[in-house]
Amino acid sequence: MAHLTRRQALSAFSGLAVATLAAPHVAKAETPLTFYGPPAAPSAVLAHAVKGGFLKDVAPGAVFKAWKTPDEMRAAVASGSMGAVVMPSYGVANLHNRGLGLALLNVLTTGLLYIVSKDGTLNSLQSLSGKTLALPFKNDMPDFVLRRLVAENGLKLGDIKLEYAASPPEAVQLLLTGRVDAALLSEPAATAVVIKAKSFFMTVHRTIDIQREWRRWRARLKFHRPASP
Numbered sequence: 039m040a041h042l043t044r045r046q047a048l049s050a051f052s053g054l055a056v057a058t059l060a061a062p063h064v065a066k067a068e069t070p071l072t073f074y075g076p077p078a079a080p081s082a083v084l085a086h087a088v089k090g091g092f093l094k095d096v097a098p099g100a101v102f103k104a105w106k107t108p109d110e111m112r113a114a115v116a117s118g119s120m121g122a123v124v125m126p127s128y129g130v131a132n133l134h135n136r137g138l139g140l141a142l143l144n145v146l147t148t149g150l151l152y153i154v155s156k157d158g159t160l161n162s163l164q165s166l167s168g169k170t171l172a173l174p175f176k177n178d179m180p181d182f183v184l185r186r187l188v189a190e191n192g193l194k195l196g197d198i199k200l201e202y203a204a205s206p207p208e209a210v211q212l213l214l215t216g217r218v219d220a221a222l223l224s225e226p227a228a229t230a231v232v233i234k235a236k237s238f239f240m241t242v243h244r245t246i247d248i249q250r251e252w253r254r255w256r257a258r259l260k261f262h263r264p265a266s267p
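Below is the structure:
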């Protein structure tokens, strides 16, 4: 795996990768292998593959477990207690560059972040100015993505009041109980809150597609970049 810079990793921004500390052993596992994944949609794919026996030829007896927070995941990877793990692509780059011998096996998705709200008019980052936004995982993904997009849209981070949550389910509760105006969630939490709100006779909208906002910023950056001499 080539040396990755933080800028290169963030270009793929919310891509989630399958990585391992001992990549050659994943290709032909001799002992039961445990796969670890985040509380996000890519883990559902991996869990289904394990439960359905689709990995029996390369990883017989494989099991799947979820990690709860990025800090928990990084500590376990550093200690060697996680063999194969799904994590954000920038996390793979950071840990590899720190000399942990991490190898990238596959990128599962290039984005699954959405801002959801009971107020359908909060459909732009500018409209969130003065509002309170629930955000899981402070100083991690998706915090980094939001900070970059806020700056690139002419806002200061303080323009949006951030209410940090320990996990996506906590952010969902903050939104449903009215303690925040919106929440930044990954799938499947974004879909879950839309469905759960209906049971409380509420309507929650996906108001901002973070993937689309990132593409717009990248397009503007490319358009305004000076030509090479």
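If you read the sequence shown in the numbering used here, its first letter stands for residue 39, the second for the next number, and so on. Don't be surprised by glycine CBs; every beta carbon is placed ideally from N, CA and C.
Exercise for review: Hey, could you find the ends of the beta strand (DSSP E) Pro-126 is sitting in?
Suggested key: Unbroken beta strand (DSSP E) run through Pro-126: 122-126.
Just list the residues that DSSP pairs Asp-247 with in beta bridges.
Tyr-152
(request) Put Val-188 into one of helix, strand or coil per three-state DSSP. (result) helix
Discussion item. With DSSP as the reference, identify every bridge partner of Gly-75, one or two as the case may be.
Written reply: Ala-104
Examine the Cβ distances between the segment 193-210 and the segment 220-232 and report whether three or more of them are shorter than 8 Å. yes
request  = Just tell me which of Thr-148, Met-120, Pro-70, Thr-245 has its CA closest to the CA of Tyr-128.
outcome  = Thr-148
- Query: Looking only at its own chain, which residues have a Cβ that is under 7 Å from the Cβ of His-41, when we skip the five neighbours before and after it?
  - Reply: Only weak support is given to the placement of His-41: the predicted model assigns it a pLDDT of 49, under 50, and the question is left unresolved by the model.
- prompt: What are the partner residues of Asn-132, as DSSP defines its beta bridges?
  reply: In DSSP, Asn-132 forms no bridge with anything.
>> In this structure, how does DSSP classify Glu-201 when only helix, strand and coil are distinguished?
In response: Reduced to three states, the DSSP call for Glu-201 is strand.
So, at 7 Å on beta carbons, what are the nonlocal neighbours of Asp-181 in its own chain, with the 5 sequence-adjacent residues on each side left out? Leu-173, Phe-175
*Going by Cα to Cα distance, which pick from Met-120, Asn-144, Val-115 is closest to Asn-132?*
Val-115
The alpha helix (DSSP H) that contains Ala-230, what's its start and end?
227-237
Please list the terminal residues of the continuous alpha helix (DSSP H) segment that includes Val-210. 206-214
inquiry  = With H, G and I counted as helix, E and B as strand and the rest as coil, what does DSSP make of Trp-93?
reply    = The question names Trp, but residue 93 is Leu in the sequence shown. Coil, per DSSP.
Return no unless some Cβ of chain B is closer than 7 Å to the Cβ of Leu-223. Chain labels in this structure do not include chain B; a single protein chain is all it has.
My assumption, with CB atoms under 8 Å, is that Phe-219 sits in contact with Tyr-152. Please give the rounded CB distance.
Reading off the sequence shown, one finds Asp at residue 219, where the question assumed Phe. That belief does not hold up - the Cβ atoms of Asp-219 and Tyr-152 are roughly 15 Å apart, past 8 Å.
C-beta atoms of Leu-150 and Ala-79 nearer than 7 Å
yes
Item to check | Residue from Thr-215, Arg-256, Leu-195 whose Cα sits closest to the Cα of Lys-156 | outcome: Thr-215
Output needed for Tyr-74: all residues of its chain with C-beta closer than 6 Å, excluding positions within five of it in sequence on either side, in chain order. Lys-103, Trp-105, Met-120, Val-123
Worksheet entry | Outcome for Ser-81 when other beta-carbon atoms lying within 10 angstroms are tallied against a minimum of 16 | buried
| task | Return the Cβ separation of Leu-213 and Leu-193 in integer angstroms, given the expectation that the two are a contact with Cβ distance under 8 Å. | result | Not confirmed; about 21 Å, so no contact.
- Going by the beta-carbon positions, is the gap between Val-188 and Arg-244 smaller than 7 Å? no
Taking DSSP's pairing of strands, which residues face Tyr-220 in a bridge? The amino acid at residue 220 is misidentified as Tyr; the sequence shows Ala. For Ala-220, which the question treats as bridged, DSSP gives the partners Ser-155, Leu-171.
query: Buried or exposed: where does Ile-233 fall if 16 or more other Cβ atoms within 10 Å of its Cβ makes it buried?
result: With fewer than 16 other Cβ atoms within 10 Å, it is exposed.
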